[in-house]
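Trainee:
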Amino acid sequence: GQQVMQIPQYQHVQEGEDFTTYCNSSTTLSNIQWYKQRPGGHPVFLIQLVKSGEVKKQKRLTFQFGEAKKNSSLHITATQTTDVGTYFCAGNNRKLIWGLGTSLAVNP
Amino acid sequence: KAGVTQTPRYLIKTRGQQVTLSCSPISGHRSVSWYQQTPGQGLQFLFEYFSETQRNKGNFPGRFSGRQFSNSRSEMNVSTLELGDSALYLCASSLRDGLNYGYTFGSGTRLTVV
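The listed protein sequences correspond, in order, to chains A and B. To convert, count from 1 in the first sequence and add 67; that's the numbering used here. To convert, count from 1 in the second sequence and add 169; that's the numbering used here.
#1: Give me the subset of the segment 115-145 of chain A whose CB atoms are less than 7 Å from a CB atom of chain B, sorted by chain position.
#2: Assign residue 211(B) to one of three DSSP states: helix, strand, or coil.
#3: Could you please give the first and the last residue of the uninterrupted beta strand (DSSP E) stretch that includes residue 258(B)?
#4: Should residue 138(A) go down as buried or exposed, given a rule of 16 or more other Cβ atoms within 10 Å for buried?
#5: In the structure shown, what three-state DSSP assignment does residue 167(A) receive?
#6: Taking the C-alpha atoms as reference points, what is the distance between residue 166(A) and residue 185(B)?
#7: Which residues in chain C sit within 7 Å of residue 280(B), going by Cβ to Cβ distance?
#8: Going by Cα to Cα distance, which pick from 197(B), 182(B), 201(B) is closest to residue 175(B)?
#9: Can residue 101(A) and residue 132(A) be called in contact, C-beta distance under 8 Å?
#10: Just to confirm my understanding: we take residue 172(A), look at its own chain, exclude 5 residues before and 5 after, and list those with CB closer than 8 Å. What are they?
#11: Would you give the residue range spanned by the beta strand (DSSP E) that residue 141(A) belongs to?
#12: Give me the chain B residues within the contact set of residue 225(A), using Cβ-Cβ distance strictly less than 7 Å, ordered along the chain.
#13: By the criterion of Cβ-Cβ separation under 7 Å, what are the contact partners of residue 272(B) in chain A?
#14: Taking only the alpha-carbon atoms, compute the straight-line gap between residue 199(B) and residue 168(A) and give it to the nearest angstrom.
#15: Counting only Cβ pairs nearer than 9 Å, list the residues of chain A close to residue 190(B).
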């Protein structure tokens with residue numbers, strides 16, 4: 068069936084280091100959404116990418132959508148303790164297919 | 170404006186019982202989706218309702234059902250509870266089409282089956 072693989076599963080960084088999580092879909096996607104879930108919280112919508120090769124920035128966060136619309140990445144520059152949480156991608160192929168998330172831990 | 174409200178926040182039930190969870194979407198949102206979240210399986214889609222009609226359904230057994238009312242509020246019901254149903258149940262609403270505009274999630278109902 069349709070899958071969205073997300074790697075890595077876990078990432079532990081020192082505050083100030085960069086962080087990247089990757090999503091790869093087995094099928095071409097109409098769009099991809101990114102969510103963040105803080106520990107004990109619920110997913111919060113961050114952004115949606117629609118166009119092939121699209122790049123969007125939100126302060127220290129950079130989101131990319133691949134040319135083939137089958138992969139995406141989220142890059143955080145100079146992580147802070149407030150970035151702690153699990154980052155999920157969800158690909159739209161007539162239904163949302165969720166990755167299992169990347170849990171980010173940041174050492175102060 | 171108020172966010173997505175889910176009640177109750179926590180619930181403990183015994184195997185074999187049934188449970189009903191409630192979700193009030195953001196005012197004006199007509200699309201409501203339900204997800205089951207467990208540590209090993211991530212977010213698993215249960216169903217989506219739009220204007221009282223089930224628009225999409227995930228791969229869950231018939232013990233899981235839902236409905237949406239004319240005011241867009243939604244309920245999901247799980248009958249004959251099993252230990253494996255222990256999870257965080259999340260409701261998400263969207264103004265139009267969450268597939269293309271994103272979802273706003275509620276805080277969830279943590280269900281424990283003992």
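Cβ atoms here follow ideal geometry from the backbone N, Cα and C, with glycine treated the same way.
Mentor: Working from what's here:
#1: Residues 115.
#2: Looking at residue 211(B) - three-state DSSP - the assignment turns out to be strand.
#3: In the DSSP assignment, residue 258(B) falls within the beta strand (DSSP E) that extends over 256-263.
#4: Burial check for residue 138(A): the Cβ neighbour count within 10 Å reaches 16 or more, so the residue is buried.
#5: Note: residue 167(A) maps to coil in three-state DSSP.
#6: Answer to the nearest angstrom: the Cα atoms are 31 Å apart.
#7: Absent from the structure: chain C. Protein chains present are A and B.
#8: With distances taken between Cα atoms, residue 175(B) lies closest to 201(B).
#9: Going by C-beta atoms, residue 101(A) is not nearer than 8 Å to residue 132(A).
#10: Once the five neighbours on either side are set aside, the close Cβ partners of residue 172(A) are 77, 78, 79, 80, 151.
#11: Looking at the DSSP string, the run of the beta strand (DSSP E) that includes residue 141(A) is 138-143.
#12: Outside the shown range of chain A, which is 68 to 175, sits residue 225(A), and nothing can be said about it.
#13: Neighbours of residue 272(B) on chain A, chain order: 112.
#14: Distance between residue 199(B) and residue 168(A), taken at the CA atoms: about 27 Å.
#15: Taking a Cβ-Cβ cut-off of 9 Å, residue 190(B) has no neighbours in chain A, whose nearest Cβ is about 14 Å from it.
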